[in-house]
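In our numbering, the protein residues as written are 25 to 422.
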């Protein structure tokens with residue numbers, strides 16, 4: 025309970041402090057409001073004093089006018105002397121009251137005042153005259169400029185109307201010309217419609233004949249430029265003697281034909297219909313001047329062995345230069361070898377590998393998709409011999 029009472033007392037103290045703070049704020053605001061009211065009252069009083077001073081000056085000005093001119097046109101010198109004695113010296117250096125002893129002093133002072141105001145009047149009059157003159161000159165300048173602008177506007181309006189009329193005339197003329205041309209076109213179209221139909225018919229016939237001629241030319245080109253296959257190539261030499269029991273044979277090419285040892289040849293013979301029949305394979309062992317001794321590597325049919333008169337052929341044998349091979353196609357059909365390995369084996373046999381088909385190309389090797397390659401097209405045009413992948417692999421020992 026004592027603890028709860030202490031909490032309540034703390035709350036009460038906090039509330040009292042807040043109330044005191046609010047009272048302080050209200051007192052400060054009240055003082056500011058009082059000060060603002062005092063300032064407003066002072067400003068209002070100053071305005072009132074200024075208005076009273078203005079009224080007093082106005083009355084004094086009217087009285088001065090009456091003093092100088094009189095109410096009936098005759099100056100009242102006594103009243104003028106009394107007034108001048110009551111006012112400050114407006115034209116002297118001192119603000120102390122001035123008294124006059126005689127009418128001469130009054131007249132002299134009034135003369136000074138009149139002279140001052142006359143000079144001021146003349147000065148203002150001259151200034152006003154100059155301003156009036158400047159105004160008139162400016163007015164004349166503006167009037168001249170206005171007249172010039174009016175003339176320019178009238179001239180431009182006239183030119184615009186003339187141009188519009190000219191364009192309308194031209195458009196009307198163009199419309200007439202277009203109408204006449206359309207009439208001429210319609211007349212010509214109607215007149216030559218039959219001729220046009222005949223020409224279109226003749227053109228259609230000519231195009232058909234052209235298409236037929238193109239197809240005929242393509243057929244003739246295929247007949248003329250036939251694919252030259254390696255199996256149809258001419259033989260390089262001939263078997264002149266065979267020692268079958270010893271496994272040797274002799275061929276009719278030698279050192280003078282640039283034959284070298286280690287070169288392999290396919291042995292074949294022609295059968296009915298001019299077809300080639302492979303009989304086996306031989307390898308060069310010893311080379312003499314005109315002949316060479318070869319070893320029989322294989323015989324395809326033991327009942328039809330290699331014999332005298334058989335022909336031999338090898339893609340790696342060239343009398344004048346090393347054979348050049350170009351691959352046509354994407355890749356080898358066999359996954360056991362790569363093109364790089366085949367190229368190295370061709371080089372080992374004395375051949376060369378090129379990328380494009382030239383007039384000196386010896387063989388184009390047909391790989392997968394070879395017929396759609398530019399190498400195959402060039403080979404047919406240049407009559408380069410096409411060699412199958414299988415024949416090449418057999419010759420290089422794969």
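Each residue gets a CB set at the ideal place from its N, CA and C atoms; glycine is no exception.
- Around the beta-carbon of residue 220, fewer than 16 other beta-carbon atoms lie within 10 Å, marking it exposed.
- Cβ-Cβ distances below 8 Å link residue 419 to 288, 290, 338, 339, 340 and 373 in the same chain, with the five nearest sequence neighbours on each side left out; the list follows chain order.
- Under DSSP, residue 400 takes part in no beta bridge, so it has no partner.
- The alpha-carbon separation between residue 257 and residue 335 amounts to approximately 11 Å.
- In the DSSP assignment, residue 420 falls outside any beta strand (DSSP E), carrying neither H nor E.
- The C-alpha of residue 283 lies about 8 Å from the C-alpha of residue 343.
- By the Cβ-count criterion, residue 409 is buried, with 16 or more other Cβ atoms from all chains shown falling within 10 Å of its own Cβ.
- As the crow flies, the alpha-carbon of residue 182 is around 11 Å from that of residue 175.
- Distance check between residue 286 and each of 307, 379 and 300 places 307 closest, using alpha-carbon atoms only.
- Judged by DSSP secondary structure, residue 307 falls within the beta strand (DSSP E) whose first and last residues are 300-311.
- Of the candidates 333, 395, 416 and 188, the residue whose Cα lies closest to the Cα of residue 369 is 416.
- With respect to residue 294, residue 352 sits apart: the two C-beta atoms are not nearer than 9 Å.
- Contact between residue 330 and residue 315 is absent: CB atoms are separated by about 16 Å, not below the 8 Å threshold.
- Assigned with DSSP and collapsed to three states, residue 195 falls in helix.
- One Cα belongs to residue 354, the other to residue 388, and the distance between them is close to 13 Å.
- In this structure, DSSP gives residue 378 an extended state, which the three-state scheme calls strand.
- Residue 267: member of the beta strand (DSSP E) spanning 261-267, first to last residue.
- Relative to the Cα of residue 303, the nearest Cα in the group 384, 153, 262 and 177 belongs to 262.
- The straight-line gap separating the alpha-carbon atoms of residue 232 and residue 224 is approximately 12 Å.
- Residue 190 is not bridged by DSSP to any residue.
- In the DSSP assignment, residue 366 falls within the unbroken alpha helix (DSSP H) covering 363-372.
- Note that the C-beta distance between residue 378 and residue 348 is below 9 Å.
- In this structure, residue 376 keeps its C-beta atom at 9 Å or more from the C-beta atom of residue 357.
- The beta strand (DSSP E) runs lying completely inside the stretch 308-339 and spanning 3 residues or more are 316-323 and 335-337, given in chain order.
- A straight-line Cα-Cα distance of about 10 Å links residue 135 and residue 142.
- Judged by DSSP in its simplified three-state form, residue 410 adopts strand.
- Assigned with DSSP and collapsed to three states, residue 147 falls in helix.
- Separation of the CB atoms of residue 313 and residue 278 is rounded to 5 Å, and the pair is thereby assigned contact status at 8 Å.
- Minimum Cα-Cα distance from residue 328 among the listed residues 268, 226, 157 and 208 corresponds to 268.
- The C-alpha of residue 393 lies about 12 Å from the C-alpha of residue 413.
- For residue 276 and residue 264, the gap between their C-alpha atoms comes out near 6 Å.
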